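Here the structure is laid out as structure tokens; the discussion comes afterwards.
Here's what the structure looks like:
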């Protein structure tokens, strides 16, 4: 076993811990904190829902399922790790790209509970909006502009990273070489992903509040958080492709599983981690969910 | 500064938006040169049609309460506070009353006034609804 193999196993353990235990536990604790400290009796608007008869129970159930799902994935990951060690899996001997699929597929499995929770939150907020029956509508007369929420530096870096990747990619391929299907797919996917970030960013910036009761201060903090998440996601995506192009170009395939695992961890740190850091539960104004609170 | 609209209220929605912006200006909550939200943002926040907010903004701009600076956005007009006191509807009422009184004094019948008024309205270019 070489040093590369040892690093890979350490990085893979870190991937299991970070994505399937550390951040899920933080998310679970955050939701349980809300359920414990902001009960339906005092904060009824937090639990107003057009779909569930007992919304707090439904919330409790989905967050518990999320945590159990993550623990199951973490245990499966440890099992995979032991099986890899037992079968002598050694990234240092890797000569082909397909070996990174192990890391990619496991990450996709890890992402599943997070996506289900995201979907459940989306449905929750949709139901919350559906439950609001109010003839009075309110709006803030303060404009929401992109650079009120994020430094232009982030946007410049994201654009430069995208250009740098494009230049590096076509430099490696040869600028005069005709595009094959792979080039179209790669370039198309990168552009589409960035357009998705821009679309969601615009929706948060100019669109309706997802939570109808949310205070303007919290709405602005939420937008700020999401703008940072999208900008970092775009930057990381470009950097990841540059790193992987360099790996492929120089025949460093044995480092690919390590680089891929590290990339996924960094994505989570700047994704879920950023949301937990910037949109702190202690700073959220829960008074807006009280019975006599006016809709803002 | 917040504005509130009542979708079941007696006033049309664009009038409610106009009145509240004027109120915000006259009470000092919105100062001269301060930026206003975009039409889309305000329409989305109030969950009303973009055209309703666009109409309110157009009328506020006509009354020199706000001014649009191209892509830079919409701002409160430098003379907005003074212009808030001008009631354009009251002025129209006064001018029409004077004109109609003059016609009646000249023995023009009400139906002749109505027909002439409709003709003039139809034959002059509308500046919008």
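Protein chains in written order, with the working numbering: chain E, 1 to 296; chain C, 1 to 129. All residues carry an ideal CB built from backbone N, CA and C; glycine is no exception. The model shown is predicted, which means the values in this text are computed figures rather than measured ones.
What does the Cβ neighbour count give for residue 121 of chain C, buried or exposed, with the cut at 16 atoms within 10 Å? One-based indexing of the second chain puts residue 121 of chain C at position 121. Result: exposed.
Bridge partner(s) assigned by DSSP for residue 281 of chain E: What you label residue 281 of chain E is simply residue 281 of the first chain in a count that begins at 1. None, per the DSSP bridge assignment.
Around the Cβ of residue 225 of chain E, are there at least 16 other Cβ atoms within 10 angstroms (buried) or fewer (exposed)? Residue numbering aside, residue 225 of chain E sits at position 225 when the first chain is read from its first letter. So residue 225 of chain E ends up on the buried side.
Would you mind reading off the limits of the alpha helix (DSSP H) that contains residue 229 of chain E? Against the first chain, residue 229 of chain E aligns to sequence position 229. 216 to 250 is the extent of the alpha helix (DSSP H) around residue 229 of chain E.
Tell me, which residues are paired with residue 66 of chain C by DSSP? Locating residue 66 of chain C in the second chain gives position 66, where the first residue counts as 1. Residue 66 of chain C is bridged to C/76.
Here's the rule I'm using: 16 or more other beta-carbon atoms within 10 Å means buried, otherwise exposed. How should residue 31 of chain E be labelled? Indexing the first chain from 1 puts residue 31 of chain E at position 31. With 16 or more Cβ atoms within 10 Å of its Cβ, residue 31 of chain E is classed as buried.
Residue 259 of chain E and residue 247 of chain E look like a contact to me (Cβ under 8 Å); what is the Cβ gap, rounded to whole Å? Against the first chain, residue 259 of chain E aligns to sequence position 259. Against the first chain, residue 247 of chain E aligns to sequence position 247. Right, their Cβ atoms sit about 6 Å apart.
Just the C-alpha distance for residue 228 of chain E and residue 22 of chain C, rounded to the nearest angstrom, thanks. The residue given as residue 228 of chain E occupies position 228 in the first chain. The residue given as residue 22 of chain C occupies position 22 in the second chain. Rounded to the nearest angstrom, the two C-alpha atoms are 36 Å apart.
Strictly below 7 Å CB to CB, what residues from chain C border residue 135 of chain E? Your numbering for residue 135 of chain E matches position 135 in the first chain. Going along chain C in sequence order, the residues near residue 135 of chain E (Cβ under 7 Å) are 6, 7 and 8.
Which of helix, strand or coil does DSSP assign to residue 210 of chain E? As a first step, residue 210 of chain E is located in the first chain; it is residue number 210 there, counting from the start. Correct three-state label for residue 210 of chain E: coil.
Would you mind working out which of E/47, E/136 and E/251 sits nearest residue 59 of chain E, comparing C-alpha positions? The residue you call residue 59 of chain E lines up with position 59 of the first chain. Closest by alpha carbon: E/47.
Coarse secondary structure for residue 44 of chain E, derived from DSSP in three states: Numbered from 1 along the first chain, position 44 holds the residue referred to as residue 44 of chain E. Helix, per DSSP.
Where the region 37 to 56 of chain C meets chain E: residues whose CB sits under 8 Å from a CB there: 37, 38, 40, 41, 42, 44, 45, 46, 47 and 48
Can you round the beta-carbon distance between residue 157 of chain E and residue 235 of chain E to whole angstroms, since I take them to be within the 8 Å contact cut? The residue given as residue 157 of chain E occupies position 157 in the first chain. The residue given as residue 235 of chain E occupies position 235 in the first chain. Going by Cβ atoms, the distance from residue 157 of chain E to residue 235 of chain E rounds to 6 Å, so yes, they are a contact pair.
Taking contact to mean 3 or more Cβ pairs, one atom from each stretch, closer than 8 Å, check whether the region 194 to 202 of chain E and the region 267 to 282 of chain E are in contact. no
Run through chain C and tell me which residues come within less than 8 Å of residue 214 of chain E, C-beta to C-beta. Locating residue 214 of chain E in the first chain gives position 214, counting from the first residue. Result: empty, since nearest Cβ-Cβ is about 12 Å, beyond 8 Å.
Three-state secondary structure assigned by DSSP to residue 35 of chain C: For the purposes of this step, residue 35 of chain C is identified with residue 35 of the second chain, where counting begins at 1. In the structure shown, residue 35 of chain C sits in a strand (DSSP, three-state: E or B).
Quick check: residue 143 of chain E and residue 35 of chain C, are their CB atoms within less than 7 Å of each other? The residue you call residue 143 of chain E lines up with position 143 of the first chain. The residue you call residue 35 of chain C lines up with position 35 of the second chain. For residue 143 of chain E and residue 35 of chain C, yes; Cβs fall inside 7 Å.
So, residue 218 of chain E versus residue 284 of chain E, is the Cβ gap smaller than 7 Å? Here the question's residue 218 of chain E lines up with position 218 in the first chain. Here the question's residue 284 of chain E lines up with position 284 in the first chain. Cβ distance < 7 Å, so residue 218 of chain E and residue 284 of chain E count as in contact.
Residues of the region 138 to 151 of chain E in Cβ contact with chain C at a cutoff of 9 Å, in chain order, please. 138, 139, 140, 141, 142, 143, 144 and 145
What residues in the region 186 to 207 of chain E bring their beta carbon closer than 7 Å to a beta carbon of chain C? 206 and 207
With DSSP as the reference, label residue 139 of chain E as helix, strand or coil. The residue given as residue 139 of chain E occupies position 139 in the first chain. If DSSP states are grouped into helix, strand and coil, residue 139 of chain E belongs with the strands.
Using three-state DSSP, classify residue 3 of chain C as helix, strand or coil. Working through the second chain from its first residue, we reach residue 3 of chain C at position 3. Residue 3 of chain C: strand per DSSP, three-state reduction.
Contact under 7 Å by Cβ, residue 103 of chain E with residue 238 of chain E: Residue mapping note: residue 103 of chain E aligns to position 103 of the first chain, counting from 1. Residue mapping note: residue 238 of chain E aligns to position 238 of the first chain, counting from 1. Result no, Cβ atoms of residue 103 of chain E and residue 238 of chain E do not sit closer than 7 Å.
Check whether the region 13 to 29 of chain C and the region 37 to 54 of chain C are in contact - that is, three or more C-beta pairs closer than 8 Å. yes
In chain E, which residues lie with their C-beta within 7 Å of the C-beta of residue 35 of chain C? On the second chain, residue 35 of chain C is found 35 positions in, with the first residue counted as 1. Simply 143.
So, with DSSP's three-state summary, where would you put residue 123 of chain E? For this step, residue 123 of chain E is matched to residue 123 along the first chain. Residue 123 of chain E: helix per DSSP, three-state reduction.
Within the continuous alpha helix (DSSP H) that includes residue 73 of chain E, where are the two ends? In the first chain, residue 73 of chain E corresponds to position 73, counting from 1. Start and end: 55 to 86.
Could you pull out every residue in the same chain whose Cβ sits closer than 7 Å to the Cβ of residue 172 of chain E, ignoring the five residues on either side in sequence? The residue you call residue 172 of chain E lines up with position 172 of the first chain. So the list reads 245 and 249, once near-sequence residues are dropped.
Which residue wins for smallest C-alpha separation from residue 91 of chain E, given the options E/263, E/10, E/145 and E/14? The residue you call residue 91 of chain E lines up with position 91 of the first chain. Minimum Cα distance to residue 91 of chain E is reached at E/10.
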